[in-house]
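The numbering used here puts the first residue of the sequence shown at 58, with every later residue one more than the last. Have a look at the structure below, then the notes.
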Amino acid sequence: MGEWRASYLSVTAMVDGRAWVKKQAQREAKTIARTLDFLKNQFGGAFLAEADAVETLTRRLRSVIRHDSTGNWKAGIELEELPLDGGITNARELRQAARNAELMGRLQRGG
Numbered sequence: 058m059g060e061w062r063a064s065y066l067s068v069t070a071m072v073d074g075r076a077w078v079k080k081q082a083q084r085e086a087k088t089i090a091r092t093l094d095f096l097k098n099q100f101g102g103a104f105l106a107e108a109d110a111v112e113t114l115t116r117r118l119r120s121v122i123r124h125d126s127t128g129n130w131k132a133g134i135e136l137e138e139l140p141l142d143g144g145i146t147n148a149r150e151l152r153q154a155a156r157n158a159e160l161m162g163r164l165q166r167g168g
């Protein structure tokens with residue numbers, strides 16, 4: 058995520074530090090962020106690396122941020138449509154998957 062900075066101690070802090078255009082998007086992003094933070098705190102970084110649910114939440118968070126930035130749900134929803142089985146079919150999907158992996162790596166390291 059372009060908005061991620063090393064100084065953030067949690068996903069919630071990242072979401073809170075963003076300038077939101079739409080309140081609905083901000084509310085959804087905050088709920089997802091709090092859920093990811095709770096999972097990290099309760100189960101640890103190793104759990105985050107193994108859980109498909111965490112990947113799904115991460116994709117949804119990226120989708121909400123993209124929607125808020127562009128005003129276009131289609132642009133955001135495309136981020137959620139990558140198959141969970143890792144079937145990446147083009148360079149664009151590969152870049153998006155790399156960004157998701159970067160966020161998950163930061164979560165595993167604790168911020």
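Just so you know, even glycine gets a beta-carbon here, dropped at the ideal spot from N, CA and C.
Going by C-alpha distance, which of the options is nearest residue i?
| i | options | result |
| --- | --- | --- |
| aspartate 125 | Gly102, Ala82 and Ile89 | Ala82 |
| threonine 92 | Ser67, Gly74 and Lys79 | Ser67 |
| asparagine 98 | Thr69, Lys80, Arg123 and Arg116 | Thr69 |
By the 10 Å Cβ neighbour count, where 16 or more other Cβ atoms means buried, how is residue i classified, buried or exposed?
| i | result |
| --- | --- |
| lysine 90 | Just to set this straight, residue 90 is alanine in the shown sequence, not lysine. Buried, because 16 or more other Cβ atoms sit within 10 Å of the Cβ of alanine 90. |
| valine 72 | buried |
| alanine 110 | exposed |
| threonine 146 | Note that threonine 146 scores 48 on pLDDT, short of 50, meaning its location in the model is unreliable; the coordinates nonetheless yield the value given after this. Flag for threonine 146 reads exposed. |
| tryptophan 130 | exposed |
Tell me where the alpha helix (DSSP H) around residue i begins and ends.
| i | result |
| --- | --- |
| glycine 102 | 102 to 107 |
| valine 78 | No alpha helix (DSSP H) holds valine 78; DSSP gives it neither H nor E. |
Is residue j closer than 8 Å to residue i when the C-beta atoms are compared?
| i | j | result |
| --- | --- | --- |
| phenylalanine 104 | leucine 114 | no |
| glutamate 85 | arginine 116 | no |
| threonine 133 | serine 120 | The displayed chain sequence assigns glycine, not threonine, to residue 133. For glycine 133 and serine 120, yes; Cβs fall inside 8 Å. |
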